[in-house]
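**Q**
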Amino acid sequence: MSGRLRMAGLLPVLKNTLAYNCLEPLKQKPARPRSLCLYVTYRCNMRCRICGIWRKEPLQPSEELTSEELLRLLADPLFANLEFININGGEPNLRTDLPDIMHGLIRQFPSLKRLSLNTNGLPPDRVVKNVDLTSRLCELAGIHFSASVSVHGLGAEFDKIAGIEDAFPRVKTTLAGLKEVQRLHPFFLSANCVICSLNLDQLDALRAWGHAEGIPVNFALGEVRPRFLNEAMAADILIPQDGRKKVVRFLRTLALAKKEYLQHAFRYASLAEMLEFEKKRTMACHYALGGVVLGSRGELFYCKNSLSIGNARKNSALDIYYDTHNLKFRQEEIIGKTCGTCPPYSFNQIEIEKEIFRVLAYLLFSS
Ligand code: SF4
Numbered sequence: 001m002s003g004r005l006r007m008a009g010l011l012p013v014l015k016n017t018l019a020y021n022c023l024e025p026l027k028q029k030p031a032r033p034r035s036l037c038l039y040v041t042y043r044c045n046m047r048c049r050i051c052g053i054w055r056k057e058p059l060q061p062s063e064e065l066t067s068e069e070l071l072r073l074l075a076d077p078l079f080a081n082l083e084f085i086n087i088n089g090g091e092p093n094l095r096t097d098l099p100d101i102m103h104g105l106i107r108q109f110p111s112l113k114r115l116s117l118n119t120n121g122l123p124p125d126r127v128v129k130n131v132d133l134t135s136r137l138c139e140l141a142g143i144h145f146s147a148s149v150s151v152h153g154l155g156a157e158f159d160k161i162a163g164i165e166d167a168f169p170r171v172k173t174t175l176a177g178l179k180e181v182q183r184l185h186p187f188f189l190s191a192n193c194v195i196c197s198l199n200l201d202q203l204d205a206l207r208a209w210g211h212a213e214g215i216p217v218n219f220a221l222g223e224v225r226p227r228f229l230n231e232a233m234a235a236d237i238l239i240p241q242d243g244r245k246k247v248v249r250f251l252r253t254l255a256l257a258k259k260e261y262l263q264h265a266f267r268y269a270s271l272a273e274m275l276e277f278e279k280k281r282t283m284a285c286h287y288a289l290g291g292v293v294l295g296s297r298g299e300l301f302y303c304k305n306s307l308s309i310g311n312a313r314k315n316s317a318l319d320i321y322y323d324t325h326n327l328k329f330r331q332e333e334i335i336g337k338t339c340g341t342c343p344p345y346s347f348n349q350i351e352i353e354k355e356i357f358r359v360l361a362y363l364l365f366s367s
């Protein structure tokens with residue numbers, strides 16, 4: 001790539017860095033979202049001990065937005081600036097019309113830069129088929145596609161956390177299939193491990209497994225959130241006092257592996273600080289910078305920790321998002337109270353744009 005082309009790609013990033021650090025903080029209202037997380041279903045085929053979304057059942061597929069309805073709601077002006085879409089659930093692949101949703105999103109959002117899918121990997125055939133199709137579509141449209149498969153443990157330990165028999169061998173089948181797809185249609189494949197009290201003794205092994213398989217593992221801290229309906233599972237999720245040192249040590253090891261984890265090394269360092277010293281979060285969050293979540297029944301949320309702020313089936317998403325009462329809730333309850341204790345689980349482009357100088361300083365100078 002020539003220097004001029006590289007510069008042309010860098011300019012919008014620097015423009016956003018300037019906006020997020022100098023201009024946006026002066027504004028009364030958030031900008032229209034650049035990122036959207038879609039909970040396409042709350043149905044799930046696992047019975048995880050760290051997430052109770054599956055308890056939301058019985059939820060009939062008929063209660064969910066149809067693919068046509070979903071795309072119609074996304075024609076609202078609130079979503080006009082979308083560049084990043086994450087498909088999440090429940091288990092998204094339980095929706096038999098997931099290919100229609102993926103196809104529709106790619107057609108409807110020509111400015112889309114990234115499409116990502118979070119999945120538990122089951123059922124293997126369907127996950128592989130959907131990823132194969134989506135990676136082809138994204139390749140044709142010039143969109144970066146990534147798929148992240150939940151792997152919170154190895155072997156029988158994973159089955160215990162997933163709450164179903166033979167989860168691990170089946171997820172391994174899925175991963176093998178996805179790697180085949182990857183060879184034909186490149187996409188980013190990773191595993192997602194939620195650190196919780198049930199897998200503290202497996203963290204090093206999980207990291208080594210990721211290396212051996214050639215699948216990067218993203219580590220996040222387990223959280224008790226209303227959305228996960230997992231308050232009663234807190235003992236299985238939250239790191240007990242006597243396990244904290246172990247997790248902090250593990251996170252600091254990751255934080256020092258800068259060449260391997262790049263910006264995530266900075267994130268792991270931040271997580272270690274939060275856990276060890278109960279420090280407030282200082283890392284940027286793409287939701288706080290302007291993101292939105294749309295639930296499978298049309299509910300809108302400012303972020304994964306937000307209460308529902310309205311239903312896009314009933315009112316315009318733009319009106320809901322910029323409703324004065326809702327903005328007050330966002331500012332006072334979310335930004336003012338919740339963000340400080342919210343552990344960063346990702347480091348996406350929007351967050352990098354905001355944090356670029358801190359990340360560079362960390363990568364170059366900290367030891
Ligand atoms: S509560 Fe967490 S997810 Fe929500 S805006 Fe704050 S940091 Fe982001």
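Here this note's numbering is used: the first residue of the sequence shown is 1, the next is one more, and so on.
We treat Cβ as the ideally placed atom computed from N, Cα and C, and that holds for glycine.
Please read these numbers as outputs of a predicted model, since none were measured by experiment.
What does the Cβ neighbour count give for Pro344, buried or exposed, with the cut at 16 atoms within 10 Å?
**A** Locating residue 344 in the sequence shown gives position 344, where the first residue counts as 1. That one is buried.
**Q** Using the Cα positions of Arg136 and Gln241, report the straight-line distance between them to the nearest angstrom.
**A** Within the sequence shown, the letter at position 136 stands for residue 136. Within the sequence shown, the letter at position 241 stands for residue 241. Their backbone Cα atoms lie some 46 Å apart in a straight line.
**Q** Go ahead and pull the three-state DSSP assignment for Thr341.
**A** In the sequence shown, counting from the first residue as 1, residue 341 sits at position 341. DSSP, read as helix, strand or coil, puts Thr341 in helix.
**Q** Inspect the beta-carbon positions of Asn118 and Asn192 and report whether they are closer than 8 Å.
**A** Here residue 118 corresponds to residue number 118 of the sequence shown, with the count starting at 1. Here residue 192 corresponds to residue number 192 of the sequence shown, with the count starting at 1. Yes, the Cβ-Cβ distance between Asn118 and Asn192 is below 8 Å.
**Q** Excluding five sequence neighbours on each side, which residues of the same chain lie with their C-beta closer than 8 Å to the C-beta of Ala205?
**A** Taking the first residue of the sequence shown as 1, we reach residue 205 at position 205. Within the same chain, Ala205 has close Cβ partners Leu154.
**Q** Please classify Cys138: does DSSP put it in a helix, a strand, or coil?
**A** By one-based count along the sequence shown, residue 138 stands at place 138. Reduced to three states, the DSSP call for Cys138 is helix.
**Q** What are the boundary residues of the beta strand (DSSP E) that Tyr321 is part of?
**A** Taking the first residue of the sequence shown as position 1, residue 321 is located at position 321. Segment 317 to 321 is the alpha helix (DSSP H) holding Tyr321; no beta strand (DSSP E) there.
**Q** Please identify the residue among Ser148, Thr338, Leu65, Ala80 whose C-alpha is closest to the C-alpha of Leu122.
**A** Translated into positions along the sequence shown, residue 122 becomes position 122. The option with the nearest alpha carbon to Leu122 is Ser148.
**Q** Mapping the DSSP letters down to three states, classify Ile87 as helix, strand or coil.
**A** Looking up residue 87 in the sequence shown gives position 87. Strand.
**Q** Buried or exposed, going by whether 16 or more other CB atoms sit within 10 Å of the CB of His264?
**A** Residue 264 sits at position 264 when you count from the first residue of the sequence shown. The residue in question, His264, is buried, as its Cβ has 16 or more Cβ neighbours within 10 Å.
**Q** Quick one: using the 10 Å Cβ neighbour count with 16 as the cut-off for buried, is Glu64 buried or exposed?
**A** Along the sequence shown, one-based indexing puts residue 64 at 64. Burial call: buried.
**Q** Pick helix, strand or coil for Asn81, following the three-state DSSP scheme.
**A** Within the sequence shown, residue 81 is the residue found at index 81, counting from 1. If DSSP states are grouped into helix, strand and coil, Asn81 belongs with coil.
**Q** Near the ligand SAM, which residues have their beta-carbon less than 7 Å from any of its heavy atoms, given in chain order?
**A** As presented, the structure is devoid of the ligand SAM, carrying the ligand SF4 as its sole ligands.
**Q** Of the residues Gly163, Pro33, Leu175, which one's Cα is nearest the Cα of Leu82?
**A** Position 82 of the sequence shown, counted from the first residue, corresponds to residue 82. Looking at the Cα atoms, Pro33 is the closest of the given residues.
**Q** List, from N- to C-terminal side, the alpha helix (DSSP H) runs of 4 residues or more that fit wholly inside the segment 88 to 157.
**A** 98 to 108, 124 to 141
**Q** List the DSSP bridge partners of Ile195.
**A** Mapped onto the sequence shown, residue 195 falls at position 195. Leu221.
**Q** Should Asn21 and Lys258 be called a contact, given that it needs their Cβ atoms to be closer than 8 Å?
**A** Your numbering for residue 21 matches position 21 in the sequence shown. Your numbering for residue 258 matches position 258 in the sequence shown. Not in contact: Asn21 and Lys258 (Cβ atoms no closer than 8 Å).
**Q** Along the beta strand (DSSP E) that carries Asn311, what are the first and last residues, could you check?
**A** Taking the first residue of the sequence shown as 1, we reach residue 311 at position 311. From DSSP, the beta strand (DSSP E) with Asn311 extends over 308 to 311.
**Q** To the nearest angstrom, how far is it from the Cα of Lys280 to the Cα of Leu184?
**A** Mapped onto the sequence shown, residue 280 falls at position 280. Mapped onto the sequence shown, residue 184 falls at position 184. About 44 Å.
**Q** Measuring CA to CA, which of Gly210, Glu139, Asp132 is closest to Val181?
**A** Residue 181 sits at position 181 when you count from the first residue of the sequence shown. Checking every option, the nearest Cα to that of Val181 belongs to Asp132.
**Q** Who does Glu299 pair with in a DSSP beta bridge?
**A** One-based indexing of the sequence shown puts residue 299 at position 299. Beta-bridge pairing links Glu299 to Asn311.
**Q** Is DSSP giving Phe347 helix, strand or coil here?
**A** If you number the sequence shown from 1, residue 347 lands on position 347. Of the three classes helix, strand and coil, the one that applies to Phe347 here is coil, per DSSP.
**Q** State the DSSP-derived secondary structure class of Phe187, mapped to helix, strand or coil.
**A** Here residue 187 refers to the residue found at position 187 of the sequence shown. It is coil, neither helix nor strand.
**Q** Leaving out five residues before and five after Glu157 in sequence, what residues of the same chain have Cβ atoms less than 7 Å from its Cβ?
**A** The residue labelled residue 157 in the question sits at position 157 within the sequence shown. Asn199, Gln202, listed in sequence order.
**Q** Only counting the same chain, and skipping five residues up and downstream in sequence, which positions put a Cβ closer than 7 Å to that of Val359?
**A** For the purposes of this step, residue 359 is identified with residue 359 of the sequence shown, where counting begins at 1. Excluding sequence neighbours, Val359 sits near Gln263, Phe266, Ile352.
**Q** Under a Cβ-count criterion, where at least 16 other Cβ atoms within 10 Å of its own Cβ denotes burial, should Asp125 be classed as buried or exposed?
**A** For the purposes of this step, residue 125 is identified with residue 125 of the sequence shown, where counting begins at 1. Exposed, since its Cβ has fewer than 16 Cβ neighbours within 10 Å.
**Q** Contact check, Pro216 vs Ser190 under 8 Å by CB: the rounded distance?
**A** Stepping through the sequence shown from its first residue, residue 216 is reached at position 216. Stepping through the sequence shown from its first residue, residue 190 is reached at position 190. Indeed they touch by this definition, with Cβ atoms about 5 Å apart.
**Q** Is it true that the CB of Thr41 sits closer than 8 Å to the CB of Glu91?
**A** Walking along the sequence shown from the start, residue 91 turns up at place 91. Walking along the sequence shown from the start, residue 41 turns up at place 41. Yes. Within cutoff.
**Q** Quick test of your reading: Ser35 and His325, contact by CB under 8 Å. State the CB separation rounded to the nearest angstrom.
**A** Translated into the one-based positions of the sequence shown, residue 35 becomes position 35. Translated into the one-based positions of the sequence shown, residue 325 becomes position 325. The C-beta distance from Ser35 to His325 rounds to 23 Å, too long to fall under 8 Å, and the pair is not in contact.
**Q** Measure the alpha-carbon distance for Asn315 versus Arg227 and round it to whole angstroms.
**A** Here residue 315 refers to the residue found at position 315 when the sequence shown is read from its first residue. Here residue 227 refers to the residue found at position 227 when the sequence shown is read from its first residue. Between Asn315 and Arg227, the C-alpha separation is close to 22 Å.
**Q** Taking the beta carbon of Arg313 as the centre, do at least 16 other beta carbons fall within 10 Å, making it buried, or is it exposed?
**A** The count along the sequence shown starts at 1 and reaches residue 313 at position 313. It counts as exposed.
**Q** In whole angstroms, what is the alpha-carbon distance linking Met283 and Ile85?
**A** Translated into positions along the sequence shown, residue 283 becomes position 283. Translated into positions along the sequence shown, residue 85 becomes position 85. Each residue's Cα considered, the two are about 21 Å apart.
**Q** Could you round the C-beta distance between Leu78 and Ala317 to whole angstroms and report it? I think they count as a contact, below 8 Å.
**A** As a first step, residue 78 is located in the sequence shown; it is residue number 78 there, counting from the start. As a first step, residue 317 is located in the sequence shown; it is residue number 317 there, counting from the start. That pair is a contact at about 4 Å.
**Q** How is Val40 classed by DSSP in three states: helix, strand or coil?
**A** In the sequence shown, residue 40 corresponds to position 40, counting from 1. Of the three classes helix, strand and coil, the one that applies to Val40 here is coil, per DSSP.
**Q** State the start and end residues of the unbroken alpha helix (DSSP H) segment that holds His290.
**A** As a working note, residue 290 is residue 290 in the sequence shown. The sequence as given places Gly at residue 290; His does not occur at that position. Looking at the DSSP string, the run of the alpha helix (DSSP H) that includes Gly290 is 286 to 290.
**Q** Between the Cα of Gly214 and the Cα atoms of Lys179, Arg49, Ile335, which residue gives the shortest distance?
**A** Locating residue 214 in the sequence shown gives position 214, where the first residue counts as 1. Here the closest residue by C-alpha is Lys179.
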